[in-house]
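Working notes for the structure below.
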Amino acid sequence: MSTLAARDVTKAFGGLTALAEVSLEVAPSEIHGLIGPNGSGKTTLLNALSGYYLADAGRVTLGEADLTRVSVQRRAFAGVARTFQKPRLLPTLTVVDNVMLGGWPAVRSSFFGTALSWLRARREEKVLRERAEELLHGVGLAPVMTRRASLLEHAEQRFAEIARGLMAGPRFLLLDEPAGGLTPHEIEQLGVVIRTVRDAGIGVLLVEHHTDFVFRLSDRVTALDLGRVIRQGTPAEVRHDAEVIRVYLGA
Amino acid sequence: MRASRAVVVVGVLLALATMPWWARDQYQLHLAALIGVYWILIAGLNLVVGYSGQLSIGHVGLLAIGAYGFAILTGRYEWGPWWALAASGGLGSLCGLLLGLPSLRLPGFYFAMATLAFALIVTEISLAQGDLTGGGTGLPVPGFTAPFDSPGGFHALVLIVAVLITWLTWNVARFMWGRALIAVRDSVVTAQAVGVPVFRAKLLVFVLSGLTAGVAGALFASLQSYITPDTFVFELGLFFFVCIIIGGRGTIVGPLIGTAVLTALPEIVAPLARWSTFFYGLLLLAVVLLVPEGIGHMVEIVRARLRPRSLASFAVAPDAERLARCLRSEPRR
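Structure follows, in structure tokens:
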């Protein structure tokens, strides 16, 4: 069973150690929650897994493959998709176009090939559009499919980003605070989507501040503080860990 | 909507194709050919500036290379014009590659400066290599062979090439590569996340723009029938750039209209020809201030004003079953 794993990853910015020998493993069909106070290294770890930061020491692996020095793009091709804390859609494109962009790893037409053999590009386009529309129906954004992304509400942007991440059929989906700015009702809907993604065999890393949400949804949870793992285990274990309560959850 | 667009395109093409029969004089034909030649360059540049967001102001240098290439190959080495036309395109793309390789890694402003420097260097070389380029006196340029040697014939040739080039760039723009280029323009982080090779995308589109600039240069030289370094002043490079800004980013029809209007403007206001630069400036200012999205998006904007679609929010309601079905069906990898 191939997992997405960080093994003893260390990352420093100047004198500040953001991650100190952090290990974490996301398995297929698993929701792995990642919690911790601000500045504990959650997003840094997500960036190290998706390739935006290269680890100073330690390794990042996907199954047998060593991704430690591999670019963001090659990791996307390997099946690692992600969303951002602040949604990053292309404002001038429609929602469905934005989601289609996520299908880039499935594109076979070369640049000059597209210019010349448009029939093949058009066939690819049709397949991609159908899948994007299905995904948008699935995450519940069908009514805004043809709207420009710049006109979307915050929650809609979050769901659209998830759809974009799912477009290429990833093996792992890394979510950076997906519940941020959502209403309680929307968070419930988000939970439905994330569970469905997990049940389809995709490993989910859930970086989140809404701890109730994380504990409710996750199969395993990792708690970080000051760039170190302070506890890893089932939601119940982590929730009742004295150290986790002291530094993060409070009494 | 789609059908009406096709009708407009066919209508305009018919009007342009029959122009030799209804144009009032040869000068109108010349002007139409000039617009076509400029457009061939701008169609490629539009993918660079309007889609991938790389601010090249030095494409006049690539135009000059195509033009001198054509003039030297046909005049000095007595190549046939067709071979020379193809060679100019190849030369343009090669120079685009050599210019793009080092400069496309630079951030926006510095990239613009690199293209500016390139255009200046090309002018200096054309002045210095007098044996080849005729230096300051310039070079006469042979025309094409029959039936493309008359003004009407040349007009038809330009139209054919322009349609072909427009079609190529439209194919790039409307499919996944177009989305990838817009991602490079609007959010490099997003482009990376979905797997778009950012530098390679910028380079490929720049090479294509070199090809169209080279082809445009060859046709331009033939149209002018005599070229000197003064033909390729830096203002011309700026003019290409402005056509795209006025036309709007991320559209093809906008810059096409921009090219036609800006090229014809000095002629339309003929008594005020001396003021043409003033009008460029005025038009640019008006567009940037009033419709910063460019005239290519004006239809969209007006339509949105007239018919404000209700943006009534709705509750996001995922359909778990449908999502699951979709996720189980793997996309083609």
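Just so you know, the protein sequences line up as chains A and B, in that order. Just so you know, my numbering puts 48 at position 48 of the first sequence, and the rest follows in order with no gaps. Just so you know, my numbering puts 1082 at position 82 of the second sequence, and the rest follows in order with no gaps. For each residue, glycine too, the CB sits at the ideal point set by N, CA and C.
Where the alpha helix (DSSP H) through A/His-32 begins and ends: Element bounds for A/His-32: not the alpha helix (DSSP H) but the beta strand (DSSP E), 31-35.
So is B/Gly-1011 in contact with chain E if we call contact Cβ pairs under 8 Å? No chain E appears in this structure, whose protein chains are A and B.
Could you pull out every unbroken beta strand (DSSP E) segment of at least 3 residues lying fully inside the segment 7-77 of chain A, listed in chain order? 16-26, 31-35 and 57-62
Taking Cβ positions only, does A/Pro-143 come closer than 8 Å to chain B? yes
May I ask you to report which of helix, strand or coil DSSP gives A/Gln-232? Three-state DSSP puts A/Gln-232 in a strand.
Selected residue, minimal CA-CA separation from A/Ala-78, among A/Lys-86, A/Gly-63, A/Leu-90 and A/Pro-91: A/Gly-63
Pick from A/Val-99, A/Asp-97, A/Glu-124 and A/Glu-30: whose alpha carbon is nearest that of A/Ser-110? Checking every option, the nearest Cα to that of A/Ser-110 belongs to A/Glu-124.
Name the residues in the segment 1173-1189 of chain B whose C-beta lies less than 7 Å from a C-beta of chain A; which are they? Taking 7 Å as the cut-off between beta carbons, the residues of the segment 1173-1189 of chain B near chain A are Phe-1175, Met-1176, Trp-1177, Arg-1179, Ala-1180, Ile-1182, Ala-1183, Asp-1186, Ser-1187 and Val-1189, in sequence order.
Could you please tell me which residues of the segment 189-217 of chain A, in chain order, have their CB closer than 9 Å to any CB of chain B? Gln-189, Leu-190, Val-192, Val-193, Arg-195, Thr-196, Val-197, Asp-199, Ala-200, Gly-201 and Ile-202
Contact between the segment 1058-1074 of chain B and the segment 1106-1120 of chain B: three or more CB pairs below 8 Å? yes
Would you report the Cα separation of B/Arg-1333 and B/Gly-1089, rounded to the nearest angstrom? At B/Arg-1333 the pLDDT is 45, less than 50, meaning the model places this residue with poor confidence; the figure from the coordinates comes in the next sentence. Cα-Cα distance, rounded: 35 Å.
Using a Cβ-Cβ cut-off of 8 Å, state whether A/Phe-111 counts as contacting chain B. Chain B contact via Cβ: present.
Taking 8 Å as the CB-CB cut-off, is A/Ala-48 touching chain B? By this cut-off, A/Ala-48 is not an interface position.
Smallest Cα separation from A/Val-316: which of A/Arg-69, A/Ala-76 and A/Pro-91? With chain A represented from 1 up to 251, any question about residue 316 of chain A goes unanswered, as that position is not in the structure.
Quick check: is the beta carbon of A/Asp-97 nearer than 8 Å to any beta carbon in chain B? At least one CB of chain B lies nearer than 8 Å to the CB of A/Asp-97.
If you reduce the DSSP assignment to three classes, tell me which class A/Asp-225 lands in. strand
So is B/Arg-1332 in contact with chain A if we call contact Cβ pairs under 8 Å? At B/Arg-1332 the pLDDT is 47, less than 50, meaning the model places this residue with poor confidence and gives no usable figure here.
Pull up the DSSP beta-bridge partners for A/Asp-176, would you. Answer is A/Val-207.
Proximal residues of chain B, C-beta to C-beta of A/Phe-13 below 9 Å: Correct list: empty, because the minimum Cβ distance to chain B is about 18 Å.
Shorter than 8 Å from the beta carbon of B/Val-1007 to some beta carbon of chain A? no
Provide the residue(s) that pair with A/Ala-149 in DSSP beta bridges, ordered along the chain. DSSP output for A/Ala-149 lists no bridge partner at all.
Just verifying my parser: in three-state terms, what is the DSSP assignment at A/Val-80? strand
Could you tell me whether the Cβ atoms of A/Thr-196 and A/His-32 are closer together than 8 Å? no
May I have the straight-line CA-CA distance separating B/Leu-1099 from B/Ala-1064, to the nearest angstrom? 14 Å
Verify the CB distance criterion: does A/Val-70 have a CB-CB separation below 8 Å to chain B? no
Extent of the continuous alpha helix (DSSP H) to which A/Asp-219 belongs: No alpha helix (DSSP H) contains A/Asp-219, which DSSP labels as neither H nor E.
Three-state secondary structure (DSSP) of B/Arg-1332: Low confidence applies to B/Arg-1332: its pLDDT is 47, below 50, so where it sits in the model is not reliable, and the reading given next is rough at best. Of the three classes helix, strand and coil, the one that applies to B/Arg-1332 here is coil, per DSSP.
Would you grab the beta carbon distance between B/Phe-1144 and B/Pro-1081 for me? Rounded to a whole angstrom, and I think it's under 8 Å. 5 Å
If you count every other CB in all the chains shown that lies within 10 Å of the CB of B/Val-1010, and 16 or more means buried, which is it? exposed
Three-state secondary structure (DSSP) at B/Ile-1227? strand
Of all the options B/Ala-1264, B/Phe-1314 and B/Phe-1199, which has the alpha carbon lying nearest to the alpha carbon of B/Pro-1102? B/Phe-1199
Of all the CB atoms in chain B, is at least one closer than 8 Å to the CB of A/Leu-62? no
Taking only beta carbons into account, state which residues of the segment 1016-1046 of chain B come closer than 9 Å to chain A, listed in chain order. none
For B/Leu-1284 versus B/Val-1242, is the C-beta distance shorter than 8 Å? Yes, these two residues count as a Cβ contact at 8 Å.
Exposed or buried, what is B/Arg-1005 when buried is set at 16 or more other beta-carbons lying within 10 Å of its beta-carbon? exposed
Residue environment, A/Gly-102, which counts as buried when at least 16 other CB atoms sit within 10 Å: buried
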